[in-house]
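Whatever position you read off the sequence shown (first residue = 1), add 2 for the numbering used here.
Glycine included, C-beta positions come from ideal geometry on N, C-alpha and C.
No experiment lies behind these values; they were computed from the predicted model shown.
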Amino acid sequence: MLRATSLVRLLHLSLPVLLAMTFGAALAWAFAEEPLGFRDPYTGTTTDHQISTIHFDLSYPLALAAGFSVTDSRHLMIWNQLVDSEVITVTGGVSYTNCGGSFPPEPDAADHCQIGDRLPRAWPPVGSEVAGNPCLTSRFGPFMPLFHFPHPADLAAMRDWAWGEATQLAGYQAYAWGAFSTIQAPCKYTSTTVVATTMQAGSLEAFATYLHSLADYYSHRDCIAVMDAMGMPWAVHTLTDTYACDYNPSQPTADDAHGREFGAAYTDSLRTDEGVRAVYIELVARSLHREGEYFPLGLDAELTSLAGSPTLSQALYNFVHTWVFSQPLQRRQYADAMVAAILAQRQPRLRVNLPAILRE
């Protein structure tokens, strides 16, 4: 089911956009939204805004296990989910957003496409205009491939920015014209550019954004490989006749490309395990070098307060494989139990603030 904000957006699209969707315009959903609402980590208030339990719920125990404070862990989980959600409204005027910045000016199709290949615009979908839109991680925007279908080089650039080793995020924008579907569009255009986001390089917000894209890489890895083999300049997602890219966001199923990422029936779930471990490795590294306040737990550490005393590695495996896609509430409940166990046994570490000259 489409999340509420996406549905509102679709209802306001013009007829060409609806036709584009009908004929297979490719949109990006990685570790797709599940039938479970956003729960504000500060108040416990639950909304009908659907989330991904990988990007959102699991982010919290992962960050806590890596040694981050409760406050920083909550911040990371919210900003991870915002890469997909962009804006999440709770109640009482409380809302969260990662929107800030501006897209580069839209390129002129006449400068890049032959006559006859300039209309309609396939990507971004008509109605998803870039002018005045500050939501740079939008799955309907020209930076969609960068944030949601990244290649290793894209991840390297994002990591440099997320760690503050680069002051700006280097990326690229993607456009396609001449058909209602990106796949069928005869004119596709990409150009490198600086992503003019208001997120500060090296900030927790930037780091959470990178973690989201890192997880998306694993979620979309097989589909990206198929798109690369097809000669596509960037990957798209809703190809229901292609196993690795089989996903319809309006009709998710337990055996589509994202449904198969949970449970024990499909080997696709193994890439979920890989993605979760990759994210944890980055969280531990960041915790040890920057914001961490507790000793990170090893993957072999037993969570003694969790039923069965599984190791952290086993608990993560349980989260992914015990329940199928349509059982996100059970995953949330298990993540809550993981949080309680992690908080009960992690140990604070002494932080020594050395003079800058000694840290060089």
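Enumerate in chain order the residues of its own chain whose CB-to-CB distance from residue i is below 7 Å, with the five nearest sequence positions on each side excluded.
| i | result |
| --- | --- |
| A267 | none |
| V341 | Y62, P63, L66 |
| L345 | L66 |
| F25 | Confidence in F25 is poor, its pLDDT being 31 and thus under 50, which makes the residue's placement unreliable; the coordinate value appears in the next sentence. Contacts found: F182, S183. |
| A101 | Rather than Ala, the amino acid found at residue 101 in this sequence is Cys. Same-chain partners within the cutoff: E88, V89, P136, C137. |
| L331 | L38 |
| S289 | A68, G69, F70, P298 |
| G261 | P254, T255, F327 |
| S315 | L301, D302 |
| H323 | G265, A266, S271 |
| T384 | This structure cannot settle anything about residue 384, because the visible part of the chain is limited to 3 through 362. |
| F149 | V85, T139, S215 |
| V228 | T244, A246, C247 |
Alpha carbon to alpha carbon, how far is residue j from residue i? Give it in angstroms, no decimals.
| i | j | result |
| --- | --- | --- |
| L157 | I117 | 36 Å |
| F145 | S130 | 12 Å |
| E36 | F327 | 7 Å |
| L216 | L272 | 15 Å |
| D230 | L78 | 31 Å |
| V128 | D119 | 15 Å |
| L29 | M232 | A caution first: L29 carries a pLDDT of 48, below 50, which makes its placement in the model too unreliable to give a value. |
| G95 | N82 | 21 Å |
| E167 | F70 | 21 Å |
| L301 | A112 | 54 Å |
| H114 | N250 | 31 Å |
| A259 | D248 | 5 Å |
| K190 | S97 | 36 Å |
| Q335 | E304 | 19 Å |
| L318 | E276 | 11 Å |
| T47 | Q329 | 20 Å |
| D243 | A343 | 43 Å |
| L285 | G310 | 25 Å |
| T73 | L241 | 40 Å |
| T313 | R41 | 26 Å |
| D110 | T200 | 26 Å |
| M234 | H57 | 27 Å |
| S252 | Q175 | 26 Å |
| T306 | M160 | 36 Å |
| T45 | H291 | 30 Å |
Quick one: what's residue i bridged to in DSSP?
| i | result |
| --- | --- |
| V196 | A172 |
| C189 | W179 |
| W2 | Outside the shown range of the chain (3 to 362) lies residue 2, about which nothing can therefore be said. |
| I283 | In DSSP, I283 forms no bridge with anything. |
| S271 | Paired residues: none, contrary to the question. |
| S104 | A198 |
| P37 | For P37, which the question treats as bridged, DSSP gives no partner whatsoever. |
| S97 | T91 |
| Q52 | G39 |
| E304 | T313 |
| Y296 | P350 |
Tell me whether the beta-carbon of residue i lies closer than 8 Å to the beta-carbon of residue j.
| i | j | result |
| --- | --- | --- |
| F142 | P122 | no |
| T55 | G39 | no |
| P389 | D218 | Residue 389 cannot be examined here, being either before or after the span of the chain that is shown, 3 to 362. |
| P147 | G103 | no |
| D270 | E263 | yes |
| T139 | G173 | no |
| L308 | A339 | yes |
| Y296 | P350 | yes |
| T274 | W236 | no |
| E293 | L206 | yes |
| H214 | V85 | yes |
| R76 | P106 | no |
Once the 5 residues before and after residue i are set aside, which same chain residues still bring their CB inside 8 Å of it?
| i | result |
| --- | --- |
| A124 | A22, A27, A178, W179, G180, A181, F182, S183, T184, Q186, A187 |
| Y220 | R273, T274, E276, G277, A280 |
| N320 | P312, Y336 |
| I226 | F151, H153, Y219, A237 |
| R348 | L66, A67, G69, Y296, F297, L299 |
For residue i, I'd like the list of residues in its chain whose CB is within less than 6 Å of its CB, leaving aside the five on either flank, ordered along the chain.
| i | result |
| --- | --- |
| F224 | It is Asp, not Phe, that sits at residue 224 in the sequence shown. Taken in chain order, the residues that qualify are A246. |
| A164 | A208, F209, Y212 |
| A171 | The sequence as given places Leu at residue 171; Ala does not occur at that position. W163, V197, listed in sequence order. |
| I80 | Y98 |
| E108 | V132 |
| D59 | R334, A337 |
| T91 | S97 |
| A203 | W163, G166, T169 |
| W325 | Q332, R333 |
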